[in-house]
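Please read the structure below before turning to the comments.
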Amino acid sequence: MDFFTEYYSIFRATHEGSWAFLIVLFIVAFVLYRSRKLKAATILHMITRLFYLFMLVSGIAMLVALNFNLFYVVKGLLAVLVIGFMEMAAGKAKRNENSLGSLFIVLVLALVVVLMGFGVINF
501 MDFFTEYYSI
511 FRATHEGSWA
521 FLIVLFIVAF
531 VLYRSRKLKA
541 ATILHMITRL
551 FYLFMLVSGI
561 AMLVALNFNL
571 FYVVKGLLAV
581 LVIGFMEMAA
591 GKAKRNENSL
601 GSLFIVLVLA
611 LVVVLMGFGV
621 INF
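Using our numbering, the letters of the sequence shown correspond one by one to residues 501 to 623.
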């Protein structure tokens with residue numbers, strides 16, 4: 501347990517950076533899929549999946565350091581939903597299906613999670 505609290509700042513920096521890269525990479529991959537540039541979009545989508553892992557590992561480490569505070573557990577569950585909807589939106593865009601609804605859900609959920617992370621939304 502001391503490991504997680506001792507290195508909390510590293511996990512937090514990794515987590516915040518992963519979110520920033522994740523959102524940018526997802527939007528670029530989504531636009532590339534919609535533009536039918538499948539090879540470039542697929543490469544970015546794979547890199548996006550790598551950042552999912554960074555975000556999840558650092559988020560779980562911070563949850564352990566914070567003793568699974570309910571607020572952060574809810575934030576984590578919402579973040580997992582964001583990842584799920586990102587995958588759904590990217591998959592629909594790749595198949596050239598209507599993906600704007602999924603993209604809207606991703607943007608709204610991501611905004612809620614980011615606002616929770618910065619303490620704007622609190623309970």
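Built from N, CA and C at the ideal position, the CB exists for glycine as well.
- In this structure the stretch 587-604 does not touch the stretch 612-623; the number of beta carbon pairs closer than 8 Å is below three.
- Looking only at Ala541, Ser518, Glu506 and Leu538, the smallest Cα-Cα distance to Val557 is reached by Ser518.
- Around the beta carbon of Ile510, fewer than 16 other beta carbons sit within 10 angstroms, so the residue counts as exposed.
- Contiguous alpha helix (DSSP H) elements confined to the stretch 596-621 occur at 600-617, taking only those with 4 or more residues.
- Sequence-distant Cβ neighbours of Phe554 in its own chain, meaning closer than 7 Å and more than five residues away, are Thr514 and Ser518.
- Under the DSSP assignment, Leu563 falls in the alpha helix (DSSP H) whose first and last residues are Leu538 to Ala565.
- Note that the C-beta distance between Leu566 and Gly576 is not below 8 Å.
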